[in-house]
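Structure record follows, encoded as structure tokens.
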Amino acid sequence: MFNPIVFGIFTLIARSCVATPIDPASANQHLQARDGGKPLWSEGGPKVEDIKQDGFKDDWFLAGLASLANAQGSSKIQDIFKLDQRGIDNIDKASITLFNIDKWDKAEKTGEEYKGDSQDVKYADITSKYSGANDNWWVAALEYAAMKIGGSDDIKSVSFKNDGGPITAWSMITGIKSKEYKIDRTGDSWKSELWRVLKSAPESYVCIKSVSHPNEKMRSIITGVTWYAVLSVQGSQYDDHGQIVGENGGDGQVTLFDARAGSNITVSFVDLQDQVGWQVTPEKLDYPASPPQPPKA
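Going by mature numbering (1 follows the signal peptide of the UniProt record, and there is no 0), the letters in the sequence shown line up with residues -19 to -1, 1 to 278, in that order.
And the structure:
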């Protein structure tokens, strides 16, 4: 019988309350800022590789963005941007619609419909402390809009709290409320369950948070108490019955995205498994209806 308290993880699952979906933007794929400036996103974007943390302590927010970009390509993020269509080669302003979680909670209690709040963002609003790796400013625009729209204790009007989680980014962007699940390592099935969850990327968006003190082998690879987006897994580790595959304990590899460095990390599942403290995913994976709330690590 599956025990949901597995591997110090918490898993995110969609609740029945869903805000009204945002109408897709009619934007073209390639959007260039006016006067030869930086692009909002380049062809095929928004992309995971556009993301890199800068002046804010928001690795958790950026991990959420990376997992969305990885799982759903550019479409989910494009959908919340409404662009000035005076000329697709002259994009220096966008209107972004996000969900203020506090307003959403109040509307839910009163039975009112909540469609989210819109925030205009100009290219000129973006300063050096905002995030971005490849001169694409959609990441910075989302940071700006999230701080202005607010509605979460994790995001202030001019900053991000250091101990937030991807659940906030996902709720604000997707319009789906979610719950968090704490899971510990009791029993023998936690490793196979962790592998099963990680395997859901990139079809689903998945993030993990590292433990406070990674072991000596992993210390040079991951940072303690940091959120990472799970991009994919490679190889085999466990079969559908939770049994190790192969005679050598499996050859599973996990590719993560490190928003602090703006780069990918690939590690063996065996090396990673004990270094994961928390995990979130929107998929329902047979977890209970009333999960305990995780502590702030």
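Yeah, the Cβ is synthetic: ideal placement off N, Cα and C, and Gly gets one too.
Range covered by the beta strand (DSSP E) that runs through Asn245: Stepping through the sequence shown from its first residue, residue 245 is reached at position 264. Ser244 to Ser249 is the extent of the beta strand (DSSP E) around Asn245.
Nearest to Leu179 by CA position, among Leu49, Ser109, Thr204 and Gln260, is which residue? Here the question's residue 179 lines up with position 198 in the sequence shown. Measuring from the Cα of Leu179, the nearest candidate turns out to be Gln260.
Can you give me the C-alpha to C-alpha distance between Ile130 and Thr78, rounded to a whole angstrom? Stepping through the sequence shown from its first residue, residue 130 is reached at position 149. Stepping through the sequence shown from its first residue, residue 78 is reached at position 97. Roughly 9 Å separates the two Cα atoms.
In the DSSP assignment, what are the bridge partners of Trp259? The count along the sequence shown starts at 1 and reaches residue 259 at position 278. Bridge partners of Trp259: Lys190.
Could you tell me whether the stretch 188 to 196 touches the stretch 25 to 40, using the rule of 3 or more Cβ pairs below 8 Å? no
Please check the pair Asn51 and Pro263, which I expect to be a contact at CB under 8 Å, by giving their CB distance rounded to whole angstroms. As a first step, residue 51 must be located in the sequence shown, where it is residue number 70. As a first step, residue 263 must be located in the sequence shown, where it is residue number 282. Incorrect: roughly 13 Å between the Cβ atoms, too far for contact.
Report all residues from its chain with a CB closer than 8 Å to the CB of Thr236; omit the five preceding and five following residues, and keep chain order. Locating residue 236 in the sequence shown gives position 255, counting from the first residue. Closer than 8 Å at the Cβ level, and outside the excluded window around Thr236, lie Val211, Leu212, Ser213, Val214, Gln215, Asn245, Ile246 and Thr247.
For Val139, which of Lys33, Tyr219, Lys38 and Ala242 has the nearest alpha-carbon? Mapped onto the sequence shown, residue 139 falls at position 158. Checked all of Lys33, Tyr219, Lys38 and Ala242; the closest Cα to Val139 is Lys38.
Lys57 burial status per 10 Å Cβ neighbour count (16 or more: buried): The residue labelled residue 57 in the question sits at position 76 within the sequence shown. Label assigned to Lys57: buried.
Residue ranges of each beta strand (DSSP E) within the stretch 30 to 97, 3 or longer: 62 to 64 and 74 to 79
Alpha carbon to alpha carbon, what distance is there between Lys172 and Ser217? In the sequence shown, residue 217 corresponds to position 236, counting from 1. In the sequence shown, residue 172 corresponds to position 191, counting from 1. Between Ser217 and Lys172, the C-alpha separation is close to 13 Å.
So, using beta-carbon positions, are Gly97 and Phe80 closer together than 8 Å? Walking along the sequence shown from the start, residue 97 turns up at place 116. Walking along the sequence shown from the start, residue 80 turns up at place 99. The answer is yes: Cβ separation under 8 Å.
Please state the DSSP three-state secondary structure of Val178. Here residue 178 refers to the residue found at position 197 when the sequence shown is read from its first residue. Reduced to three states, the DSSP call for Val178 is helix.
Option in Gln100, Tyr219, Asp83 and Lys63 with minimal Cα separation from Arg177: Translated into positions along the sequence shown, residue 177 becomes position 196. Answer by Cα proximity: Tyr219.
Just to confirm the assignment, what range does the beta strand (DSSP E) spanning Ala210 have? The residue labelled residue 210 in the question sits at position 229 within the sequence shown. Per DSSP, Ala210 belongs to the beta strand (DSSP E) from Trp208 to Gln215.
Give the DSSP-derived three-state secondary structure of Val102 in the structure shown. The residue you call residue 102 lines up with position 121 of the sequence shown. Of the three classes helix, strand and coil, the one that applies to Val102 here is strand, per DSSP.
Where does the unbroken beta strand (DSSP E) through Val235 begin, and where does it stop? Looking up residue 235 in the sequence shown gives position 254. From DSSP, the beta strand (DSSP E) with Val235 extends over Gln234 to Asp239.
Going straight from the alpha carbon of Ser249 to that of Gly205, what length do you get? Counting from one through the sequence shown, the residue named residue 249 turns up at place 268. Counting from one through the sequence shown, the residue named residue 205 turns up at place 224. When rounded, the distance between both Cα atoms is 18 Å.
Hey, how far is the Cα of Pro147 from the Cα of Cys188? Here the question's residue 147 lines up with position 166 in the sequence shown. Here the question's residue 188 lines up with position 207 in the sequence shown. Each residue's alpha carbon lies about 7 Å from the other.
Alpha carbon to alpha carbon, how far is Lys84 from Lys90? Give it in angstroms, no decimals. Sequence index remark: in the sequence shown, residue 90 carries index 109 (1-based). Sequence index remark: in the sequence shown, residue 84 carries index 103 (1-based). If you take the alpha carbons of Lys90 and Lys84, they lie about 10 Å apart.
Span separating the alpha-carbon of His222 from that of Lys158: One-based indexing of the sequence shown puts residue 222 at position 241. One-based indexing of the sequence shown puts residue 158 at position 177. If I take the Cα positions, the gap works out to 31 Å.
What three-state label does DSSP hand Ile130 in the structure shown? Position 149 of the sequence shown, counting from 1, holds the residue named residue 130. Of the three classes helix, strand and coil, the one that applies to Ile130 here is helix, per DSSP.
Could you check the C-alpha separation between Asp232 and Lys87 for me, to the nearest Å? On the sequence shown, position 251 is the one that residue 232 refers to. On the sequence shown, position 106 is the one that residue 87 refers to. Cα to Cα, Asp232 sits roughly 48 Å from Lys87.
Hey, Gly36 and Tyr111: beta-carbon distance below 8 Å or not? Locating residue 36 in the sequence shown gives position 55, where the first residue counts as 1. Locating residue 111 in the sequence shown gives position 130, where the first residue counts as 1. Yes, the Cβ-Cβ distance between Gly36 and Tyr111 is below 8 Å.
Residues bridged to Asp200 (per DSSP): Locating residue 200 in the sequence shown gives position 219, counting from the first residue. It should be pointed out that residue 200 corresponds to Arg in this sequence rather than to Asp. In the DSSP output, where bridge partners are listed per residue, Arg200 has none listed.
Put Ile148 into one of helix, strand or coil per three-state DSSP. Sequence index remark: in the sequence shown, residue 148 carries index 167 (1-based). Helix, per DSSP.
Decide if Asp116 is buried, meaning its Cβ has at least 16 other Cβ atoms within 10 Å, or exposed. As a position in the sequence shown, residue 116 is number 135, starting the count at 1. It is exposed - the Cβ of Asp116 has fewer than 16 other Cβ atoms within 10 Å.
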